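Order-wise, the sequence lines are chains A and B.
If you count the first sequence from 1, position 92 lands on 97 in this note's numbering, and the numbers rise without skipping.
If you count the second sequence from 1, position 114 lands on 126 in this note's numbering, and the numbers rise without skipping.
Every residue gets a Cβ at the ideal spot worked out from N, C-alpha and C, and that includes glycine.
Fair warning: this is a prediction, and the values are worked out from it, not measured in the lab.
Heads up: the structure comes next, in structure tokens.
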Amino acid sequence: AQKITQTQPGMFVQEKEAVTLDCTYDTSDPSYGLFWYKQPSSGEMIFLIYQGSYDQQNATEGRYSLNFQKARKSANLVISASQLGDSAMYFCAMRGANTGNQFYFGTGTSLTVIP
Amino acid sequence: EAQVTQNPRYLITVTGKKLTVTCSQNMNHEYMSWYRQDPGLGLRQIYYSMNVEVTDKGDVPEGYKVSRKEKRNFPLILESPSPNQTSLYFCASSLGGSAYYEQYFGPGTRLTVT
Chain A
6 AQKITQTQPG MFVQEKEAVT LDCTYDTSDP SYGLFWYKQP SSGEMIFLIY
56 QGSYDQQNAT EGRYSLNFQK ARKSANLVIS ASQLGDSAMY FCAMRGANTG
106 NQFYFGTGTS LTVIP
Chain B
13 EAQVTQNPRY LITVTGKKLT VTCSQNMNHE YMSWYRQDPG LGLRQIYYSM
63 NVEVTDKGDV PEGYKVSRKE KRNFPLILES PSPNQTSLYF CASSLGGSAY
113 YEQYFGPGTR LTVT
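In structure tokens:
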């Protein structure tokens with residue numbers, strides 16, 4: 006069975022500092038994709054970053070990077086130089102190559118950026 | 013503009029009154045899906061569709077129906093809504109069912125069943 010675990014219900018970070026949001030996963034698929042989404046208070050789901058299980062390098066998109074440790078089955082999101090607009094819910098998600106029909110989400114982490 | 017649209021955005025209804033939430037995408041995506049979001053539970057998949065006339069159950073399909081008669085549309089039907097179906101619903105689409113494709117989400121439909 007596929008499972009995504011986010012153990013931090015809420016996080017606080019000072020503006021301009023970096024923050025790491027944790028995500029661990031469990032899958033029997035040999036090949037899979039990992040995704041992070043942001044949900045601001047307005048409610049929409051915004052795709053942030055993707056990491057493929059066979060990618061050799063950690064994914065990076067602007068201020069977002071994914072710290073992928075395959076052996077530990079973790080895919081932590083790092084946000085550098087936090088901004089007030091980063092305050093939101095963040096969801097980690099996974100899709101397996103053999104079970105790509107289904108998309109599994111974690112329970113989310115609420116991030117608050119403090120001025 | 014590439015997008016996924018949902019209607020209505022907000023809906024208050026009573027127990028047992030059939031309703032349909034529409035979903036449409038203009039990206040020619042093969043894969044479409046419905047999720048519900050509840051506090052503390054994240055997003056849970058209700059149904060998904062790999063292509064026209066191909067649908068399958070997700071993790072929480074009870075009480076819901078879907079159909080995919082056209083590639084762009086994927087309506088969610090609640091034939092006899094109950095209060096435990098009060099939730100925030102998202103429709104999403106992706107290019108295909110591969111593990112490497114991200115999903116694009118609609119704006120969400122907030123449903124209240126009294």
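By the CB criterion at 7 Å, residue 101 of chain B and residue 121 of chain B fall inside the cutoff. Listed along chain B are 57, 60, 70 and 71, each with a C-beta nearer than 8 Å to that of residue 107 of chain A.
When secondary structure is reduced to three states using DSSP, residue 90 of chain B falls in the strand class. The distance from the Cβ of residue 13 of chain A to that of residue 114 of chain A is about 5 Å, consistent with a contact at the 8 Å cut-off.
For residue 65 of chain B, the closest Cβ of chain A is not nearer than 7 Å. Taking CB atoms only, residue 49 of chain A has a neighbour in chain B less than 7 Å away.
Using a 10 angstroms sphere on the CB of residue 61 of chain A, the tally of other CB atoms stays under 16, which defines it as exposed.
With contacts defined as CB atoms closer than 7 Å, residue 6 of chain A and residue 45 of chain A fail to qualify as a contacting pair. Runs of the beta strand (DSSP E) lying entirely within the region 64-114 of chain A, each at least 3 residues long, are 69-74, 79-84, 93-101 and 108-110 in chain order.
Here residue 40 of chain B carries a coil assignment [DSSP, helix/strand/coil].
Inter-residue distance for residue 78 of chain B and residue 123 of chain B is about 17 Å (C-alpha atoms, whole angstroms).
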